[in-house]
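Down below is the structure, laid out as structure tokens.
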Amino acid sequence: MRVKITLLVVVAAAALTLAGCGRDAPDGARGPVEIDMTQHDNGAWTIEYDYAAPVREIDFGPSLGDYRARMWRADNGVFVVESGRDIFRLLNDARAEAVTFTATPGLADISKGYQPFAPMGEGAVLIYTGHIIPFTEGRRMRATLSIEPAGANHVAAFGVRDDGFANWESPYRHPAFIYAGAGQAEDNGAYALTAAEATPDWITQETSRLAPRLVEGFTAVFARALPTEPELYLTWRGADEPGRLFYKGDALPGQVLISLAGGGWRDDSAKAREIFQRATAHETAHLWQVEARPVSDAVPNWIHEGGADALAAEAMVAAGLWDGADQRRDFTAARAACARATAGRTLLAAEAAGDWRAAYACGHVLTVIAAGEAGPGAFWRELVRRAATNGGYDERLFLELAGETVGEAAAGAIALATRTAEARPDLALDRLAELAAAGDKPGD
Numbered sequence: 000m001r002v003k004i005t006l007l008v009v010v011a012a013a014a015l016t017l018a019g020c021g022r023d024a025p026d027g028a029r030g031p032v033e034i035d036m037t038q039h040d041n042g043a044w045t046i047e048y049d050y051a052a053p054v055r056e057i058d059f060g061p062s063l064g065d066y067r068a069r070m071w072r073a074d075n076g077v078f079v080v081e082s083g084r085d086i087f088r089l090l091n092d093a094r095a096e097a098v099t100f101t102a103t104p105g106l107a108d109i110s111k112g113y114q115p116f117a118p119m120g121e122g123a124v125l126i127y128t129g130h131i132i133p134f135t136e137g138r139r140m141r142a143t144l145s146i147e148p149a150g151a152n153h154v155a156a157f158g159v160r161d162d163g164f165a166n167w168e169s170p171y172r173h174p175a176f177i178y179a180g181a182g183q184a185e186d187n188g189a190y191a192l193t194a195a196e197a198t199p200d201w202i203t204q205e206t207s208r209l210a211p212r213l214v215e216g217f218t219a220v221f222a223r224a225l226p227t228e229p230e231l232y233l234t235w236r237g238a239d240e241p242g243r244l245f246y247k248g249d250a251l252p253g254q255v256l257i258s259l260a261g262g263g264w265r266d267d268s269a270k271a272r273e274i275f276q277r278a279t280a281h282e283t284a285h286l287w288q289v290e291a292r293p294v295s296d297a298v299p300n301w302i303h304e305g306g307a308d309a310l311a312a313e314a315m316v317a318a319g320l321w322d323g324a325d326q327r328r329d330f331t332a333a334r335a336a337c338a339r340a341t342a343g344r345t346l347l348a349a350e351a352a353g354d355w356r357a358a359y360a361c362g363h364v365l366t367v368i369a370a371g372e373a374g375p376g377a378f379w380r381e382l383v384r385r386a387a388t389n390g391g392y393d394e395r396l397f398l399e400l401a402g403e404t405v406g407e408a409a410a411g412a413i414a415l416a417t418r419t420a421e422a423r424p425d426l427a428l429d430r431l432a433e434l435a436a437a438g439d440k441p442g443d
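Here it is, written out as structure tokens:
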């Protein structure tokens, strides 16, 4: 008798790098730095940094472990990790205006975060500029990128496709994906889709069917369309293990990257389709959420990630992909996952320990409770509106809105719930839901 083991890994990265390490440096900060990238026929890249004034070191931001020390080489310095950041330091305390690296694309060993060079098939990669652009004083520098791809490859981003980019900057003033390869984007009416050549056909077909419906659903939930057609990239890491279903999503303003691996994706199945739809809905939610950014990297992730899960469920109904019973089952599953992830510890402690299940599941439940009868869409529409005049959103703004929606007592209980360890979190969530349902809302 054969026993089939299915290993499911679903990881979705935040739609934006948190404010302290994700946004470009403000106008007037040192910069811009000019970055020239040249792709070679063997797949390697030459990356040259030209500064306006000599520097002793380059701060590349939060550490990627040993990735840069293994995959990036320069003759005049070494990589070190200091205070959790990757620093390239010139030898002998030297200074230089230009530093040149030879970078070999490859996957960094990071479970949640953006890959510097995501493989997109033979000779093609998706560059995440957030790992290319350096920092100054804790914030990304203003930077222009000039990119020359190898051979017949082209570069593309935000609807612009060319033989190369010269002095390129993201229209969103935010880290972005840039495609370098020979593939062509397919416009399915909702996304500009670029898929790695080896991606199973049923997945690209399902994406082309699913994307317009999700965009329609989120447009209804948020009562607004996106300013531009988003880009979606599909990468395929191979069917390395029979039955395995690995899905990793990375979302940025106007862009989504989906990375798939495992034998479970090779053929269409009800389980694979269910996971793909639900996780892609989560990533699509980030495209609308990104209009409101956290005020700092101290803002808990459950607000953003759990909110995306709650919004995705509502959009699936609005798109006609689910009915109300499906949405209730999804909420019940989130509640059970939250209880398992936080038994005997707080939600904030679970987040600090890197347990993303807690942030997603508990954030989903707390968002639904805070939103009350109006639902997560109405709650997040108002959160986005207020964040625009608040310099972004934080827990205080979330709880303030929750107080107006389901009552001050329930809002206070939500804050307490994230900081209280419960032996039976399921019972605590039940009490919290009952308190919100009977809330002392203004005007009562």
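Take 0 as the starting number for the sequence shown in numbering that gives the first Met the number 0 and just add one per residue. Just so you know, even glycine gets a beta-carbon here, dropped at the ideal spot from N, CA and C.
Query, Result
"Beta-carbon gap between residue 241 and residue 216 smaller than 8 Å", "no"
"Alpha-carbon to alpha-carbon, residue 110 and residue 418", "25 Å"
"Contact check, residue 179 vs residue 257, beta carbons under 8 Å", "no"
"Residue nearest to residue 287 in terms of C-alpha spacing, selected from 195, 221, 96 and 120", "221"
"Enclosing beta strand (DSSP E) for residue 247 [first to last residue]", "244 to 251"
"Beta-carbon proximity of residue 308 to residue 333, cut-off 8 Å", "yes"
"Cβ contact check for the segment 164 to 173 and the segment 193 to 200: 3 or more pairs under 8 Å", "no"
"Distance, residue 392 Cα to residue 40 Cα", "45 Å"
"Distance, residue 123 Cα to residue 151 Cα", "11 Å"
"Neighbour-count burial assignment, residue 435, 16 or more Cβ in a 10 Å radius", "buried"
"Residue 419 in three-state terms, based on DSSP", "coil"
"Run of the alpha helix (DSSP H) containing residue 200, from where it starts to where it stops", "200 to 221"
"Inter-stretch contact at 8 Å, needing at least 3 Cβ pairs: the segment 133 to 143 / the segment 32 to 39", "yes"
"Alpha-carbon to alpha-carbon, residue 293 and residue 81", "25 Å"
"Backbone secondary structure at residue 428 - three-state DSSP", "helix"
"Residue 193 in three-state terms, based on DSSP", "strand"
"Same chain, Cβ closer than 7 Å to residue 320, five either side skipped, listed in chain order", "212 and 276"
"Inter-residue spacing [alpha-carbon to alpha-carbon] between residue 344 and residue 356", "13 Å"
"Cβ-based neighbour list, residue 347, same chain, cut-off 8 Å, excluding 5 preceding and 5 following", "299, 417 and 418"
"Same chain only: Cβ atoms within 7 Å of residue 175, ignoring 5 sequence neighbours per side", "128, 156, 169, 251 and 254"
"Contiguous beta strand (DSSP E) assignments of at least 3 residues, all confined to the segment 258 to 306", "none"
"Whole-angstrom distance between residue 108 and residue 64, CA atom to CA atom", "7 Å"
"Check whether residue 284 and residue 311 have beta carbons under 8 Å apart", "yes"
"Delimiting residues of the beta strand (DSSP E) encompassing residue 180", "176 to 180"
"Local Cβ density within 10 Å of residue 85, reported as buried at 16 or more and exposed below that", "buried"
"Cβ neighbours of residue 326 in the same chain (closer than 8 Å, five flanking residues each side left out)", "312, 313, 315 and 316"
"C-beta contact flag for residue 376 and residue 301 at 8 Å", "no"
"Beta-carbon proximity check, residue 382 vs residue 291, cutoff 8 Å", "yes"
"Start-to-end residues for the alpha helix (DSSP H) that takes in residue 128", "Looking at the DSSP string, residue 128 is not in any alpha helix (DSSP H), and its letter there is neither H nor E."
"Collapsed DSSP secondary structure at residue 157 in the structure displayed", "coil"
"Inter-residue Cα distance where the pair is residue 51 and residue 96", "7 Å"
"Identity of the residues DSSP links to residue 147 by a beta bridge", "37"
"Residue range of the alpha helix (DSSP H) that includes residue 356", "355 to 370"
"Neighbour-count burial assignment, residue 188, 16 or more Cβ in a 10 Å radius", "exposed"
"Where residue 364 falls, given that 16 or more other Cβ within 10 Å makes a residue buried", "buried"
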